[in-house]
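Structure, as structure tokens:
Chains as they are written, first to last, in this note's numbering: chain D, 1 to 634; chain Z, 1001 to 1190.
Structure, rendered in structure tokens:
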């Protein structure tokens, strides 16, 4: 059976209704002819030509020409931009503004922007212009849920901050309307000559040129030509990942990528059959976009997987002897095989060193404007392995006795010949539309490395067994006295009364989580929406529900805080919602949600257990009389 | 990206064409009225049907819509959204018809299930007619305005008086339900 696409359904509907529409043209034309809407105007002309008619006509014509020229000059002057605001995502569009901040022009800076700008409606105000541009970017795919960042650059002789502020508010409102969170970067155009030249040379905004300058200042191996090809979203992901701070750029919100770093690790580990505690990830830049390099150490070998950050596609795999572990083994020979306990403690040690094992540490840091995790701040840190395999490893890779690397068909031979090839300029040969690489050869992981049953195994929680065939409806986790859940859809009631007590609540996480085993998680059956929401009051509940072992959410944290967590997985959709209000009414915690917005997930076939999670923090002092929880939407 | 730009260009040229028709209709050009009807009647008819839930009333409303367009074409402000204007006219006429219907009929019959044209051309269309019945009224309106009339989410929001995010949500939900129904029913079988 073919897979039905939205377009198929739209086409089928359009054709069906086009055929079904009655032919009423003649009736309408007949009836319309009965109306006479066009006013009849009779004009009588008198012959007034006299002897002075010809000179008078000449004088009138000359006057018209003079007035016309004056009018054109005035118009040209009034249409001249006094200041500009540039909006940039993966394309750049400039709004020209008059002295009174009225939009007088909308022009593309790069080729795509020029094409887009032709179809953008004229606007009367700056707010409207920003809104129209963001709409056009959204319609063209430049902005979407997984590339949600815009950079606003204001260039004005005196009121740049004012323009920036108005543009920011308009962009924020536009993102609110779009149904997903956006990241908005703002800056006033730099007057530095080199930054302006960079912008001019690469057809980008001055703000983006400034971003690039900030990145190159930290990493001189990167070139402006390479970076200018990245979208603002990718640039911001890169700076966040590497812990680079901008000098003069304001940030609101968090940029999102199609594949998060921990997703890259989890995916590679699941493919290779290793635990993710042995893995580290770095981010690099290629002419085609961002690249993740995931390095896995196992059984005295090191494997380096390069993934396209846009779609998680594995581009190349290299492998070789793990010199570090070999040296360790030499020092400690004879080394017995690690016991399960030792493996666990090693896992814990790696986590405490900042392993991206759980999504929470990365996302929370990113949301707080910090680096993804303490250990991920610089490429030179402990957990980050160089993207190139050591020379010895390269030699080992070409050895016929070594396990075959896992790679795409087209690149297999290339990888075998040049296993050390990790340069960002490597050309992508696999089709970009494929969400995941097609494995032609099953990876041969280290024989001693135990194959994990799940990627995110909380150390405190009992290890789940095989995935359940039927989702549980009432797992034991929900029987705890101070832990309540609501699942199975949205409750449409409005319990708000004047006695309600407003409480403080703030979002601390929003993103995907990958679970490979959901023994304890009763996700919604396909066809329903709403997922599961829970009020988490202690660490045990937190670990068991989320699969995370993030040390920040420890017992002392839960002494003063509780977490409202919403998780959802619904066939090929994620139903994303956010909390609009939270309050106590008697003993009832009332959560008012926004209308959930469904997003189609194309990677579901590969990751059927992908869960969308939102986490909000509440103060326990607000929940003193807490007995139950209700959720509702308008 | 190029495909998307072509799509935007197509939408834009369609809007310009429709605006030209409306302008010429204001000058009493019947050929333009005929052309406008040919290009937009499917969207208008499907929307009247989803509002009035009765084929006879929908056909009457369809006629009224084009007469109203003929009468008020000179009032159209050419801002590049002719379909939004046409569908707003359609909605107003449908509301007026519903009001008249409620005056003449003591019992409100707006809750009865929607009556849809029998799509007899193929098995898929019959199934589609059935699938449309499982949608809520609002979902049906949104999907018709999007799929058949070709309106953007923002334009649908204006016509139906909703927020764009609500429209998006309803559209995704509706298309998902249709997809599930059609897949279960074996539509698009090879």
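Ideal Cβ placement from N, Cα and C applies to all residues, glycine included.
Under DSSP, the beta-bridge partners assigned to residue 588 of chain D are D/585, D/628.
The secondary-structure analysis by DSSP pairs residue 501 of chain D across a beta bridge with D/584. Sixteen is the threshold: when 16 or more other Cβ atoms of the shown chains lie within 10 Å of the Cβ of residue 565 of chain D, as they do, the residue is buried. DSSP, reduced to helix, strand and coil, places residue 252 of chain D within a strand of the structure shown. Distance from the Cα of residue 140 of chain D is smallest, within the candidate group D/535, D/549, D/119, D/583, for D/119. For residue 1030 of chain Z, the nearest beta carbon of chain D is closer than 7 Å to its own beta carbon. If the five residues before and after residue 1088 of chain Z are omitted, its C-beta is found closer than 8 Å to the C-beta atoms of 1158, 1159, all from its own chain and listed in chain order. Relative to the Cα of residue 231 of chain D, the nearest Cα in the group D/195, D/24, D/147 belongs to D/147. Contact of residue 1148 of chain Z with chain D by beta-carbon distance below 9 Å involves 10, 13, 14, 16, 17, 18. When secondary structure is reduced to three states using DSSP, residue 617 of chain D falls in the strand class.
Here the alpha carbon of residue 137 of chain D sits roughly 26 Å from the alpha carbon of residue 197 of chain D. Across the segment 1125 to 1140 of chain Z, CB contacts with chain D closer than 7 Å involve 1125, 1128, in sequence order along the chain. Residue burial annotation: residue 502 of chain D is exposed, with fewer than 16 other C-beta atoms found within 10 angstroms of its C-beta.
For residue 539 of chain D, no pairing in a beta bridge is given by DSSP. Contact annotation for residue 6 of chain D against chain Z: 1175 [CB-CB distance below 7 Å, chain order]. Under the Cβ distance rule, residue 1153 of chain Z does not count among the residues neighbouring chain D, no pair being separated by less than 7 Å. Remark: C-beta atoms of residue 153 of chain D and residue 228 of chain D do not approach each other more closely than 7 Å.
In this structure, the alpha-carbon of residue 543 of chain D lies about 29 Å from that of residue 179 of chain D. Rounded to the nearest angstrom, the Cβ distance from residue 150 of chain D to residue 87 of chain D is 6 Å, consistent with a contact under 8 Å.
Those residues of the segment 142 to 169 of chain D placed with their C-beta closer than 9 Å to a C-beta in chain Z are 142, ordered along the chain. In the three-state DSSP reduction, residue 1171 of chain Z falls in the helix class (H, G or I). Per DSSP, the beta bridge partners of residue 88 of chain D are D/92, D/151. Among the CB atoms of chain Z, one or more fall inside 7 Å of the CB of residue 24 of chain D. Chain-ordered listing is empty here: chain D has no CB closer than 9 Å to the CB of residue 1053 of chain Z, the nearest sitting near 15 Å. The C-alpha of residue 12 of chain D lies about 12 Å from the C-alpha of residue 1132 of chain Z. For the 7 Å CB-CB criterion, residue 246 of chain D and residue 219 of chain D do not form a contact. With a threshold of 7 Å between beta carbons, residue 177 of chain D makes contact with chain Z.
Its Cα nearest to that of residue 278 of chain D, the residue D/301 stands out among D/292, D/301, D/284. In this structure, residue 312 of chain D lies near residue 267 of chain D, with their beta-carbon atoms less than 7 Å apart. Taking 9 Å as the Cβ-Cβ cut-off, the segment 131 to 142 of chain D approaches chain Z at 135, 136, 139, 140, 141, 142, given in chain order.
Across the segment 76 to 103 of chain D, no CB contact with chain Z closer than 7 Å is found for any residue. Distance from the CA atom of residue 631 of chain D to the CA atom of residue 1126 of chain Z, rounded to whole angstroms, is 39 Å.
Here residue 280 of chain D is buried. Its C-beta has 16 or more other C-beta atoms within 10 Å.
With a 10 Å radius around the Cβ and a threshold of 16 neighbouring Cβ atoms, residue 75 of chain D comes out exposed.
When only Cα atoms are considered, residue 58 of chain D and residue 157 of chain D end up about 46 Å apart. No Cβ-Cβ contact shorter than 7 Å links residue 1060 of chain Z with residue 1093 of chain Z.
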